[in-house]
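Novice: Starting off with a structure, shown below.
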Amino acid sequence: MTLRFAPSPTGYLHVGGARTAIFNWLFARSAGGRFLLRIEDTDRERSSDAMTREILGGLTWLGVDWDGEPVIQSARIERHREECLRLEAEGRAYRCYCTQEELEAKREKAESAGGAFLYDRTCRHLTAEQRQALDAEGRSHVLRFAVPDGRTVFNDIVHDETSFSNEEIDDFVILRSDGTPTYMMAVVVDDHDMEVTHVLRGDDHLSNTPKQVMLYRALGYEMPQFGHLPLILGADKKRLSKRHGATSVGEFQQRGYLPEAMFNFLALLGWSPGDDREILSRDELVDTFDIVRVLKKSSVFDEEKLDWMNGQHIRLLDDEDLFRRILRHRPDDLADIPEDDIRRIVPLMKERMERLPDFFANGRYFYTDPEEYDENGVAKRWKAGTGALLRGLLPRLEECDFSAATLEEVIRGAAEDAGVGAGKLIHPIRLALTGTTASPSLFDMMEVLGRDVCLRRLRAALERISEPEG
Ligand code: GLU
């Protein structure tokens, strides 16, 4: 079994492309088959090496590895041309001398009559003498495939039996006048030569498939199985595009998503493991993948779900691994913080992040004293009596061992002695230390911050806590 991913390096690796790559990869790996890569760079003007590198980098980041060296389509043009000429020699393709202007005029005429333009096959009926005369005039030509009558039927893995009337299919060009093959021809010859057995790709290619099926038959090649994956939609149920925000894999990487989460999320766009599991590792997905469970209907790219999934995958990382990953998202103004100080915070923040930059954004108080205090928190937590309670606590904090366990004892003990619930101290202290009302466990956090920082922040807060008159 051999599958492939065949990106055109004319743009970034889009999440839709990545999803196609992942499905092909999962299908191959789950069946012990091969997964090949082909760079479809025959559009020389729009293709670039930088984009090829970007695509390969995106796949590598996702953990989608390929077997052997990528096949570079532009290096195979001679082979494509040879097969085009074979079709011509066998009468399955013909020279078309119509000029762009002639074709445009015909198109305009058809469209103004309200119909879709299909090439009227003028050149299909030229005699050998007519062709010779045109060649002698130096007229250039393309090669068009002579579409046979009838219907083209194939069994799609996702959509089952799929059938097109050949009347709706143009005698499409297979070789351009400059001698380069079109996508339609190159893809078939390459898939054949690479011994591809299954082609999974987006639904947007469904209308190309009958043409390719006809080429397979005409060339005498064994046909692969085709499967067309449902489109990915944005939250508004329109086809996912730039309008919806980030769509390239690189952007998600920069925004601090884990490749494990991205892979998991994309694998579940249009496929389900058949039970209610949602968080799956790459290995679990390989073990569970079954092509029959590809869904027919489009799926929505739900960023909230992706955020949630990313948080779940973050919790699955070991602390050191997470530490190394968050370092890449460290803001410049925290560049001087020693790495060990950051490392100690990892277990505390792990449960409180969805994306990697959240580690620093949601935990600034680990590095800098709060300059402001959350207004609602102030109204709710710093009440009459809070100042006295905190002041009473300070001497105990000056002396006690600063471990989380002791701090908990001391703070709960102080509340008890004052005859109030522990929350009357815990919440105001959290606000004083962080400026916010949400943080990891207070006692763990205090241990990490250390005595000096805690006392300094508590004293600063005390100046802001208004005391009742008298
Ligand atoms: N190069 C084509 C694309 O990027 C791939 C076509 C195919 O998978 O057959 O859409």
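Going by the working numbering, the first residue of the sequence shown is number 123, and it counts up by one from there. Heads up, the beta-carbon is just placed ideally off N, CA and C, and yes, glycines get one too. Small disclaimer: the values here were computed from a predicted structure and weren't measured.
Less than 8 angstroms between the CB atoms is what I'm expecting for Gly349 and Asp412, so what's the real figure, rounded?
Specialist: 12 angstroms between Cβ atoms; not a contact.
Novice: Select from Glu494, Asp523 and Pro562 the residue whose C-alpha is nearest the C-alpha of Ile587.
Specialist: When only C-alpha atoms are compared, the closest one is Glu494.
Novice: If I follow the unbroken alpha helix (DSSP H) through Leu125, where does it start and stop?
Specialist: Note, Leu125: premise wrong, no alpha helix (DSSP H); beta strand (DSSP E) at Thr124 to Phe127.
Novice: Report yes if the C-beta of His327 is less than 7 angstroms from at least one heavy atom of ligand 1; otherwise report no.
Specialist: His327: yes, Cβ under 7 angstroms from ligand 1.
Novice: Among the residues of its own chain, which have a CB less than 7 angstroms from the CB of Phe239, if the five just before and after it don't count?
Specialist: Closer than 7 angstroms at the Cβ level, and outside the excluded window around Phe239, lie Lys228, Arg229, Ala232 and Glu233.
Novice: Closest to Val422 by CA distance: which of Lys360, Phe127, Gln375 and Asp454 is it?
Specialist: Of Lys360, Phe127, Gln375 and Asp454, the residue nearest in Cα terms is Lys360.
Novice: Based on the DSSP output, what are the partners of Trp393 in its beta bridges?
Specialist: DSSP lists Val416 as partners of Trp393.
Novice: Are the Cβ atoms of Leu388 and Leu351 separated by less than 8 angstroms?
Specialist: No. Outside cutoff.
Novice: Do three or more CB pairs link the segment 453-472 to the segment 544-559 at distances below 8 angstroms?
Specialist: No: the two stretches stay apart, fewer than three of their Cβ pairs being nearer than 8 angstroms.
Novice: Report all residues from its chain with a CB closer than 6 angstroms to the CB of Ile194; omit the five preceding and five following residues, and keep chain order.
Specialist: These residues qualify, in order along the chain: Ile161.
Novice: Taking C-beta to C-beta, are Thr124 and Val311 nearer than 8 angstroms?
Specialist: In this structure, Val311 does not lie closer than 8 angstroms to Thr124 by Cβ.
Novice: Could you check whether the Cβ of Pro129 sits closer than 7 angstroms to any heavy atom belonging to ligand 1?
Specialist: Result yes, Cβ under 7 angstroms from ligand 1.
Novice: Taking C-beta to C-beta, are Thr274 and Pro346 nearer than 8 angstroms?
Specialist: Not closer than 8 angstroms, so no.
Novice: Any heavy atom of ligand 1 inside 7 angstroms of the beta-carbon of Arg323?
Specialist: Checking the Cβ of Arg323 against ligand 1 gives yes.
Novice: Going by the CB atoms, is the gap between Gly514 and Ala544 shorter than 8 angstroms?
Specialist: Contact: no.
Novice: Spatial neighbours of Gln375 within its chain, please: C-beta separation below 7 angstroms, excluding the five flanking residues on both sides.
Specialist: Same-chain partners within the cutoff: Trp183.
Novice: Tell me the DSSP bridge mates of Thr284?
Specialist: In DSSP, Thr284 forms a bridge with Phe276.
Novice: At a threshold of 7 angstroms, does Glu317 count as lining ligand 1 (C-beta to nearest heavy atom)?
Specialist: Answer for Glu317: no, Cβ out of range of ligand 1.
Novice: Can you list, in chain order, the residues of its chain whose CB lies under 8 angstroms from that of Leu570, leaving out five sequence neighbours each side?
Specialist: The sequence given here has Val at residue 570, not Leu. Within the same chain, Val570 has close Cβ partners Arg466, Ile467, Leu470 and Phe488.
Novice: Hey, could you find the ends of the alpha helix (DSSP H) Arg404 is sitting in?
Specialist: It spans Arg404 to Thr410 - the alpha helix (DSSP H) in which Arg404 sits, taken as one unbroken run.
Novice: Might you give, ordered along the chain, the residues of its own chain that have their beta carbon closer than 6 angstroms to the beta carbon of Pro479, omitting 5 neighbours on each side?
Specialist: Hits under 6 angstroms: Gly378 and His451.
Novice: Let me make sure I understand the geometry here. Which of Pro562, Arg581, His435 and Thr410 has the alpha-carbon closest to that of Ala153?
Specialist: The residue with the shortest Cα to Cα distance from Ala153 is Thr410.
Novice: Please list, in chain order, all residues of the same chain as Ser394 whose beta carbon is under 8 angstroms from its beta carbon, the five residues on each side excluded.
Specialist: Closer than 8 angstroms at the Cβ level, and outside the excluded window around Ser394, lie Arg415 and Leu417.
Novice: Can you tell me whether DSSP reads Gly509 as helix, strand or coil?
Specialist: Note: Gly509 maps to helix in three-state DSSP.
Novice: Quick one: using the 10 Å Cβ neighbour count with 16 as the cut-off for buried, is Gly557 buried or exposed?
Specialist: The residue in question, Gly557, is buried, as its Cβ has 16 or more Cβ neighbours within 10 Å.
Novice: Along the beta strand (DSSP E) that carries His263, what are the first and last residues, could you check?
Specialist: No beta strand (DSSP E) holds His263; DSSP gives it neither H nor E.
Novice: For Trp147 and Phe294, I'd like the C-alpha separation in whole angstroms.
Specialist: Rounded to the nearest angstrom, the two C-alpha atoms are 31 angstroms apart.
Novice: Less than 8 angstroms between the beta carbons of Glu205 and Leu341, yes or no?
Specialist: A contact, by the Cβ cut-off of 8 angstroms.
Novice: Is Glu110 near ligand 1, with its Cβ less than 7 angstroms from a heavy atom?
Specialist: One cannot answer for residue 110 here, as it falls past the ends of the chain, which runs 123 to 592.
Novice: Taking buried to mean at least 16 other C-beta atoms within 10 Å of its own C-beta, is Thr132 buried or exposed?
Specialist: The residue in question, Thr132, is exposed, as its Cβ has fewer than 16 Cβ neighbours within 10 Å.
Novice: Taking a contact to mean a Cβ-Cβ separation below 8 angstroms, would you say Met307 touches Leu158 in this structure?
Specialist: No, they are not a contact pair.
Novice: Under the criterion of a Cβ to heavy atom distance below 7 angstroms, does Val416 qualify as lining ligand 1?
Specialist: No, the beta carbon of Val416 sits no closer than 7 angstroms to any heavy atom of ligand 1.
Novice: Please report the straight-line C-alpha distance between Gly180 and Gly433, rounded to a whole angstrom.
Specialist: Gly180 and Gly433: Cα-Cα distance of roughly 21 angstroms.
Novice: Please indicate yes or no: does the CB of Val309 lie closer than 7 angstroms to some heavy atom of ligand 1?
Specialist: Because some heavy atom of ligand 1 lies under 7 angstroms away, the Cβ of Val309 counts as near it: yes.
Novice: Are Leu135 and Ile177 touching if we call contact CB-CB under 8 angstroms?
Specialist: Their beta carbons are under 8 angstroms apart, which means Leu135 touches Ile177 by this criterion.
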